[in-house]
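In short: position in the sequence shown from 1, add 67, done, that's the working numbering.
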Amino acid sequence: MSNKTTKILLAVFLLLFVLVIAPSAYEKYKSKTSAPGFVSNDSWIESLNTAELTKIILEDTQGNIELTRTNDNWQVNGKRADGMEVASFITKIKETKKGDLISRNKDNHSDLGVTNEAGTKLTLSSPKQETTLLVGNSTLSGNSFYYRKADQDLVFIGLSDLQTFTNTEEVKWRDKKVFNLDQNLIGKVQISGYNTFSLDKDTNSKIWSKNLWGNITPFDSETSGKIDTAFSPLTGFGFASQQETADFNTSWDKYTVVISDTQGVELTRFETRKSGEDYIVKASNSEDLFKLYKSKLDFILE
């Protein structure tokens with residue numbers, strides 16, 4: 068074979084590679100690099116008005132949560148939701164922008180985490196539209212993620228850290244606030260249980276003192292300040308388990324705490340008991356049993 072013939076055959080092979088093999092290989096492995104194509108700073112969800120959202124559903128292999136709005140109040144799976152948590156998530160949705168088109172090939176979906184098994188299905192509903200997306204892995208560069216519409220193969224980059232907020236644990240979204248009192252109104256805390264005593268606030272000095280069977284012990288200004296703010300609001304980190312609830316309902320070692328204003332008028336009351344290192348708390352106006360870190364109540368009850 069002559070040198071000229073060899074060169075011609077090599078040129079033909081390279082041409083075939085460019086026209087046939089290279090595009091196929093690129094399409095198959097392009098998940099590892101950003102595809103050329105359009106870059107848009109438009110919203111990743113066309114025509115979405117987040118102010119009109121009435122339902123948000125998050126689903127993955129670990130669980131699912133359904134956030135529903137009635138007027139301005141949100142619930143999660145039928146329970147009171149943390150309005151600030153929901154508002155923060157909606158802001159993330161609103162601020163997310165559409166980045167590069169990263170793949171047209173559904174064979175890449177698994178690697179990018181945009182399948183039902185690997186990703187998080189996000190459904191956004193309003194009276195005017197419903198959109199379902201699959202939120203996938205974070206990108207290597209961080210602060211962005213892969214996503215696609217559930218009915219499309221195209222995968223884009225979402226420009227935000229929204230992916231880190233797609234939590235399907237119900238407790239993450241529930242309102243863990245026991246109650247919220249105006250600290251300027253609180254003047255007395257009456258504790259009844261194994262030990263019975265009261266905490267009283269001097270309206271002039273603003274210093275609290277402990278009254279145990281007539282023995283009055285003033286607190287220092289730091290502790291007085293902690294008592295002032297302890298119930299404004301009183302917030303837990305979770306909720307009692309079924310076993311903790313059963314133990315609470317049958318226990319004899321609960322404290323009853325009555326909080327009154329400076330005129331002696333009751334503002335609210337709650338029951339509480341220790342459970343391991345934490346406290347279980349049930350407010351008078353709620354069926355929920357909240358879990359609180361011991362630091363929230365130790366300085367009041369002990």
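Ideal Cβ placement from N, Cα and C applies to all residues, glycine included.
(message) Does the structure place the stretch 273-291 close enough to the stretch 335-350 that three or more beta carbon pairs sit under 8 angstroms?
(response) Touching, no.
(message) On the CB-based measure, 16 or more other CB atoms within 10 Å of its CB, does V87 come out buried or exposed?
(response) Within the sequence shown, the letter at position 20 stands for residue 87. Residue placement at V87 is poorly supported in this model, since its pLDDT is 44, which falls under 50; the coordinates are not used for a value here.
(request) Would you mind reading off the limits of the beta strand (DSSP E) that contains K165? (result) The residue labelled residue 165 in the question sits at position 98 within the sequence shown. Membership of K165 in the beta strand (DSSP E) is indicated by the continuous run K164 to S170.
(message) For the structure I just gave you, are there three or more beta carbon pairs, one from the stretch 212-229 and one from the stretch 149-169, closer than 8 angstroms?
(response) Yes, the stretch 212-229 is in contact with the stretch 149-169.
(request) Would you mind listing the beta strand (DSSP E) stretches within the stretch 143-225 that are 3+ residues and don't spill past its ends, in chain order? (result) The stretch 143-225 contains these whole beta strand (DSSP E) runs: 164-170, 187-192, 197-205 and 212-216.
(request) Look at the alpha carbon of K349 and the alpha carbon of A148, and state the distance between them as a whole number of angstroms. (result) For the purposes of this step, residue 349 is identified with residue 282 of the sequence shown, where counting begins at 1. For the purposes of this step, residue 148 is identified with residue 81 of the sequence shown, where counting begins at 1. K349 and A148 have their C-alpha atoms roughly 17 angstroms apart.
(message) From the DSSP secondary-structure annotation, give me the bridge partner or partners of E126.
(response) Mapped onto the sequence shown, residue 126 falls at position 59. The partner list for E126 (beta bridge, DSSP) reads N131 and K188.
(message) Any contact between the stretch 115-127 and the stretch 193-209? By contact I mean 3 or more CB pairs, one from each, below 8 angstroms.
(response) Contact holds: three or more Cβ-Cβ distances are below 8 angstroms.
(message) Tell me the DSSP secondary structure of A350 in three-state form.
(response) As a first step, residue 350 must be located in the sequence shown, where it is residue number 283. Strand at A350.
(request) Return the chain-ordered ranges of every beta strand (DSSP E) run that is complete within the stretch 268-296 and spans a minimum of 3 residues. (result) The stretch 268-296 contains these whole beta strand (DSSP E) runs: 275-279 and 282-285.
(message) Based on DSSP bridge pairs, tell me the residues matched to K341.
(response) Position 274 of the sequence shown, counted from the start, is the residue given in the question as residue 341. Here K341 is bridged, per DSSP, to Y346.
(message) Less than 7 angstroms between the beta carbons of E113 and K188, yes or no?
(response) For this step, residue 113 is matched to residue 46 along the sequence shown. For this step, residue 188 is matched to residue 121 along the sequence shown. At a Cβ-Cβ threshold of 7 angstroms, E113 and K188 do not count as neighbours.
(request) Give the straight-line distance between the Cα atoms of L301 and G343, rounded to the nearest whole angstrom. (result) Stepping through the sequence shown from its first residue, residue 301 is reached at position 234. Stepping through the sequence shown from its first residue, residue 343 is reached at position 276. Using only the alpha carbons, I get a separation of about 20 angstroms.
(message) According to DSSP, simplified to helix, strand and coil, what is W141?
(response) On the sequence shown, position 74 is the one that residue 141 refers to. Note: W141 maps to strand in three-state DSSP.
(message) Measuring alpha carbon to alpha carbon, tell me which residue in W141, F366 and T329 is nearest D287.
(response) Counting from 1 along the sequence shown, the entry for residue 287 is found at position 220. Of the listed residues, the one whose Cα sits closest to D287 is F366.
(request) Would you identify the three-state DSSP class for K97, choosing helix, strand or coil? (result) Taking the sequence shown and counting its residues from 1, one reaches residue 97 at position 30. At K97, the pLDDT of 44 sits below 50, so the modelled position is not reliable; the number obtained from the coordinates is stated separately. If DSSP states are grouped into helix, strand and coil, K97 belongs with the helices.
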